[in-house]
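K.L.:
Here the protein sequences come in this chain order: A and B. Take the first sequence: its letter number 94 is residue 94 in my numbering, and every next letter is one higher. Take the second sequence: its letter number 171 is residue 171 in my numbering, and every next letter is one higher. My questions will all concern the structure given below.
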Amino acid sequence: MPTITQTLDINVNNLSVTYSNAKLALYNASCTVEPGTITALVGPNGSGKSTLFKSIMGFLKPTQGQIKVGGLTVQKAQKKQLMAYVPQSDEVDWNFPVSVYDVVMMGRYGYMNLLRIPSSKDRRLVMESLERVDMTDFRHHQIGELSGGQKKRAFLARALAQEGKVILLDEPFTGVDVKTERRIIALLMQLRSEGHTILVSTHDLASISTFCDRTILLNKTILASGTTEETFTEENLSMTFDGLPMNIYQNSEVDS
Amino acid sequence: MSDTMIALPLIDWLIEPLQYPFLVQAIWVSAFVGLVCAVLSCYITLKGWSLMGDAVSHAVVPGVVVAYALNIPFAIGAFLFGFGATVAIGYIKSKTRLKEDAVIGVVFTGFFAFGLVLVTKIPSNIDLFHILFGNVLGISQEDIIQTLIAGITTLVVILIRRKDLLLFCFDPNHAKAIGLNTQLMFYTLLSVLALTIVTALQTAGIILVIAMLVTPGSTAYLLTDRFDHMLGISIATSVFSCVGGTYLSYHFDVSTGGAIVVLLTVLFMVAMVFAPKYGILAQNSYRHQPIVDGTQGKG
């Protein structure tokens, strides 16, 4: 795979999101995801993690504020195939009649002509991406036939095939075993060394310090942002998970 | 010997109606309609737009009446009102706190009722019964031309945009993330839905059109895990039912639309029970195996 020469940052400036039922999901959020790092986005359920993610991906329109990716608007960055997204498992219709290969090929659509006929380069990159996540043998399987970890790897392969310089992963460790989690982390660290900027939203506080350079703590707004050592203090965490028992630090299963 | 004894009456049964030009015409028109509906059916079933299809089909009624009153092709009026109803549904949903099914229910019945009022007030030679239940055996040349134009347009649009439409049904977020215009895809799919309903209006009528848009895709979905196979099965069951239904309608003097949809439904039930992987029988024999599913947690 070609090494990436430029790295991109994500800049969120004074972002507020209000849903149509007048529920305030996020207010005055400002933060920067530094280029070429793995950054964790941490907060309890209902803290606006998904809202921030969806705003960065342009899936919803913020009430106020702006987001720039490498200095470009989200829409422009997406048109240039700079941003890849690995969805949460429960956002996917696993009964849909598509194979793993089809899904990974969808990562290449942005490079194809109107009819989306794959070139030999598209096919090669799809196979290489499948190879990287060790899913080559499963490429003809319908996506619903896969285990939780394999499902994650299939969608990770799609992000790789897209060659996005910024990769967002929404709860990538939910419903996967420890082995798969280690594997995904190893791959993310590899991608970082190739110059990708990676943002991971997660509940799994225990593993963050092992691979995330920076951490953003969120609860309706940005509470702390900086290197993981700086932000990952007991004080900051209790402020973020206000009212929740502190054993959450040890037990990643506490959610909902 | 016994084969020919059985085969002969069947061949007679198939050939005898072909001496009537109106029937030959009805057969190929309904086969064409079956093809168009079957193709779109796969997308509508996967997208979960069945109720939307039902809404559009009812909402075209005032359009048909107005078109006849103004002496313009019925397809234009039907398309505008069908499409207009979906825009109205989208607008009302975004501006109120109502859930989508309630909005759909309010809008399409409103359009339909308005159509009923118009048809009883505007003097015309429209037969309400034909709009509601179709009249392929008595279809006029003009209507055939309109059916063909609407149907071929639908097929061409889907052929060109088929991969994007499938992606849009499967994962609209990813479509957005790679810079595709999902708003445009939404309206493309709505437009071809409205066009397909216009295509099928003369054959099935607005009440049964939804069956032709949902049943073939549903039958195929139970039988395969691959989209191209799904498309093939959907087309096969739909065209078979349309042609078979027209024959049954002639031989037994029953409603054509009714016969077509009964055949479609019978095929669906066979698939539902006997499908090799997703049929009821197969599911029962798999039941002892736990369902492994790695989905949990919300964001």
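All C-beta atoms in this analysis are idealised placements derived from N, C-alpha and C, irrespective of residue type, glycine included.
Below 8 Å CB to CB, which residues in the same chain sit around T231 (chain A) once its five sequence neighbours on both sides are set aside?
P.N.:
For this step, residue 231 (chain A) is matched to residue 231 along the first sequence. Correct list, in chain order: R214, T215, I216, L217, A224, S225.
K.L.:
Please go through the same chain and pick out, in chain order, the residues whose beta-carbon is closer than 8 Å to the beta-carbon of T228 (chain A), but skip the five residues on each side of it.
P.N.:
If you number the first sequence from 1, residue 228 (chain A) lands on position 228. Cβ within range, chain order: A40, I208, S209, C212, D213, R214, T215.
K.L.:
Using 8 Å as the threshold, is the stretch 62-74 of chain A in touch with the stretch 15-33 of chain A, meaning 3 or more CB pairs across them?
P.N.:
yes
K.L.:
So, helix, strand or coil for Q25 (chain B), using DSSP?
P.N.:
As a working mapping, residue 25 (chain B) is identified with position 25 in the second sequence. Q25 (chain B) falls in the helix class under three-state DSSP.
K.L.:
Are the CB atoms of V64 (chain B) and G151 (chain B) nearer to each other than 8 Å?
P.N.:
Counted from its first residue, the second sequence places residue 64 (chain B) at position 64. Counted from its first residue, the second sequence places residue 151 (chain B) at position 151. Contact: no.
K.L.:
Compute the distance between the beta-carbons of S238 (chain B) and G34 (chain B), then report whether it is under 8 Å.
P.N.:
Taking the first residue of the second sequence as position 1, residue 238 (chain B) is located at position 238. Taking the first residue of the second sequence as position 1, residue 34 (chain B) is located at position 34. Taking 8 Å as the Cβ cut-off, S238 (chain B) and G34 (chain B) qualify as a contacting pair.
K.L.:
Could you confirm whether any beta carbon from chain B is found closer than 8 Å to the beta carbon of P44 (chain A)?
P.N.:
If you number the first sequence from 1, residue 44 (chain A) lands on position 44. Not one chain B Cβ lies under 8 Å of P44 (chain A).
K.L.:
Kindly confirm or deny that the stretch 259-272 of chain B and the stretch 55-75 of chain B touch, where touching means at least three C-beta pairs closer than 8 Å.
P.N.:
These segments do not touch.
K.L.:
What's the C-alpha gap between L237 (chain A) and D204 (chain A)?
P.N.:
Looking up residue 237 (chain A) in the first sequence gives position 237. Looking up residue 204 (chain A) in the first sequence gives position 204. Taking the straight line from one Cα to the other gives about 13 Å.
K.L.:
Determine, for N71 (chain B), whether the minimum Cβ-Cβ distance to residues of chain A falls below 8 Å.
P.N.:
Within the second sequence, numbered from 1, the residue matching residue 71 (chain B) stands at position 71. Contact of N71 (chain B) with chain A is not assigned, every C-beta pair being separated by 8 Å or more.
K.L.:
According to the neighbour-count rule (16 or more other Cβ atoms, all chains shown, within 10 Å of its Cβ), is A22 (chain A) buried or exposed?
P.N.:
As a working mapping, residue 22 (chain A) is identified with position 22 in the first sequence. Classification for A22 (chain A): exposed.
K.L.:
Measure the beta-carbon distance from V209 (chain B) to A200 (chain B) and round it to whole angstroms, keeping in mind my assumption that it falls under 8 Å.
P.N.:
Along the second sequence, one-based indexing puts residue 209 (chain B) at 209. Along the second sequence, one-based indexing puts residue 200 (chain B) at 200. Indeed, because the Cβ distance is near 5 Å, the residues count as touching under 8 Å.
K.L.:
Considering only DSSP beta bridges, list what M127 (chain A) is partnered with.
P.N.:
For the purposes of this step, residue 127 (chain A) is taken as the residue at position 127 of the first sequence. Answer is none; M127 (chain A) lacks a bridge partner.
K.L.:
Would you please verify whether the beta carbon of D101 (chain B) is less than 8 Å from any beta carbon of chain D?
P.N.:
Checking the listed chains, one finds no chain D in this structure; the protein chains it contains are A and B.
K.L.:
In three-state terms, what does DSSP make of Y85 (chain A)?
P.N.:
Position 85 of the first sequence holds residue 85 (chain A). The answer is strand: DSSP assigns Y85 (chain A) an E or B state.
K.L.:
For my contact list, I131 (chain B) and G205 (chain B) are in at a C-beta cut-off of 8 Å; report their separation, rounded to the angstrom.
P.N.:
The sequence position of residue 131 (chain B) within the second sequence is 131, counting from 1. The sequence position of residue 205 (chain B) within the second sequence is 205, counting from 1. Confirmed, about 7 Å.
K.L.:
According to DSSP, is T282 (chain A) helix, strand or coil?
P.N.:
Lying before the first or after the last residue shown, residue 282 (chain A) is absent from chain A, which here runs from 1 to 256.
K.L.:
Between the Cα of I72 (chain B) and the Cα atoms of B:M185, B:D225, B:L190, B:Q146, which residue gives the shortest distance?
P.N.:
Counting from one through the second sequence, the residue named residue 72 (chain B) turns up at place 72. Minimum Cα distance to I72 (chain B) is reached at B:Q146.
K.L.:
Near V176 (chain A), which residues of its chain fall below 7 Å by C-beta distance, leaving aside the five closest residues on each side in sequence?
P.N.:
Your numbering for residue 176 (chain A) matches position 176 in the first sequence. If we look at V176 (chain A) and ignore the five residues flanking it on each side, its Cβ neighbours are G148, G149, K152.
K.L.:
Can you pull the chain B neighbours of R116 (chain A), defined as C-beta to C-beta under 7 Å?
P.N.:
Working through the first sequence from its first residue, we reach residue 116 (chain A) at position 116. Residues of chain B passing the Cβ test: K163, D164.
K.L.:
From the DSSP secondary-structure annotation, give me the bridge partner or partners of T261 (chain A).
P.N.:
Missing from the structure shown is residue 261 (chain A); chain A here goes from 1 to 256 and no further.
K.L.:
Determine contact between the stretch 222-234 of chain B and the stretch 92-108 of chain B, defined as no fewer than three beta-carbon pairs at a distance below 8 Å.
P.N.:
no
K.L.:
Smallest Cα separation from Y20 (chain B): which of B:L281, B:I260, B:P276, B:Y247?
P.N.:
Indexing the second sequence from 1 puts residue 20 (chain B) at position 20. Minimum Cα distance to Y20 (chain B) is reached at B:Y247.
K.L.:
Take the Cβ of I248 (chain A) as the centre, count every other Cβ of all protein chains shown within 10 Å, and call the residue buried at 16 or more, exposed below.
P.N.:
Locating residue 248 (chain A) in the first sequence gives position 248, counting from the first residue. Here the model assigns I248 (chain A) a pLDDT of 45, short of 50, so the residue's position is not dependable and the matter cannot be decided.
K.L.:
Helix, strand or coil for V42 (chain A)? Go by DSSP, reduced to three states.
P.N.:
As a first step, residue 42 (chain A) must be located in the first sequence, where it is residue number 42. Strand, per DSSP.
K.L.:
Quick check on A78 (chain B): does DSSP put it in helix, strand or coil?
P.N.:
Counted from its first residue, the second sequence places residue 78 (chain B) at position 78. Three-state result, A78 (chain B): helix.
K.L.:
Measuring straight from C-alpha to C-alpha, what distance separates L24 (chain A) and G107 (chain A)?
P.N.:
Here residue 24 (chain A) is taken as the residue at index 24 of the first sequence, counted from 1. Here residue 107 (chain A) is taken as the residue at index 107 of the first sequence, counted from 1. One C-alpha to the other measures close to 33 Å.
K.L.:
Let me check understanding here. Comparing Cα to Cα, which of B:I260, B:L264, B:A26, B:I15 lies closest to Q141 (chain B)?
P.N.:
As a working mapping, residue 141 (chain B) is identified with position 141 in the second sequence. When each option's Cα is compared against that of Q141 (chain B), the closest is B:A26.
K.L.:
Buried or exposed: where does Q81 (chain A) fall if 16 or more other Cβ atoms within 10 Å of its Cβ makes it buried?
P.N.:
Here residue 81 (chain A) is taken as the residue at index 81 of the first sequence, counted from 1. By the neighbour-count rule (16 or more Cβ atoms within 10 Å), Q81 (chain A) is buried.
K.L.:
Mind checking if Y109 (chain A) is an interface residue toward chain B, Cβ cutoff 8 Å exclusive?
P.N.:
For the purposes of this step, residue 109 (chain A) is taken as the residue at position 109 of the first sequence. Yes - at least one Cβ of chain B is within 8 Å of the one on Y109 (chain A).
K.L.:
Keeping to the same chain, check which residues put their C-beta closer than 6 Å to that of L167 (chain B); ignore five residues upstream and five downstream.
P.N.:
Looking up residue 167 (chain B) in the second sequence gives position 167. Contacts found: A175.
K.L.:
Mapping the DSSP letters down to three states, classify V12 (chain A) as helix, strand or coil.
P.N.:
Your numbering for residue 12 (chain A) matches position 12 in the first sequence. Of the three classes helix, strand and coil, the one that applies to V12 (chain A) here is strand, per DSSP.
K.L.:
Note down the Cα distance separating R192 (chain A) from T180 (chain A), rounded to an integer number of angstroms.
P.N.:
Translated into positions along the first sequence, residue 192 (chain A) becomes position 192. Translated into positions along the first sequence, residue 180 (chain A) becomes position 180. If you take the alpha carbons of R192 (chain A) and T180 (chain A), they lie about 18 Å apart.
K.L.:
Between F96 (chain A) and chain B, is the shortest Cβ-Cβ distance under 8 Å, so that the two count as touching?
P.N.:
Position 96 of the first sequence holds residue 96 (chain A). Yes, its Cβ sits closer than 8 Å to a Cβ of chain B.
K.L.:
Would you kindly check if the distance between the Cβ of C242 (chain B) and the Cβ of K47 (chain B) is under 8 Å?
P.N.:
Residue mapping note: residue 47 (chain B) aligns to position 47 of the second sequence, counting from 1. Residue mapping note: residue 242 (chain B) aligns to position 242 of the second sequence, counting from 1. Result no, Cβ atoms of K47 (chain B) and C242 (chain B) do not sit closer than 8 Å.
K.L.:
Helix or strand or just coil, what does DSSP make of T212 (chain A)?
P.N.:
Reading the first sequence from its first residue, position 212 is the one you call residue 212 (chain A). Correcting the residue type first, residue 212 (chain A) is Cys in the shown sequence and not Thr. Looking at C212 (chain A) - three-state DSSP - the assignment turns out to be coil, as it is neither helix nor strand.
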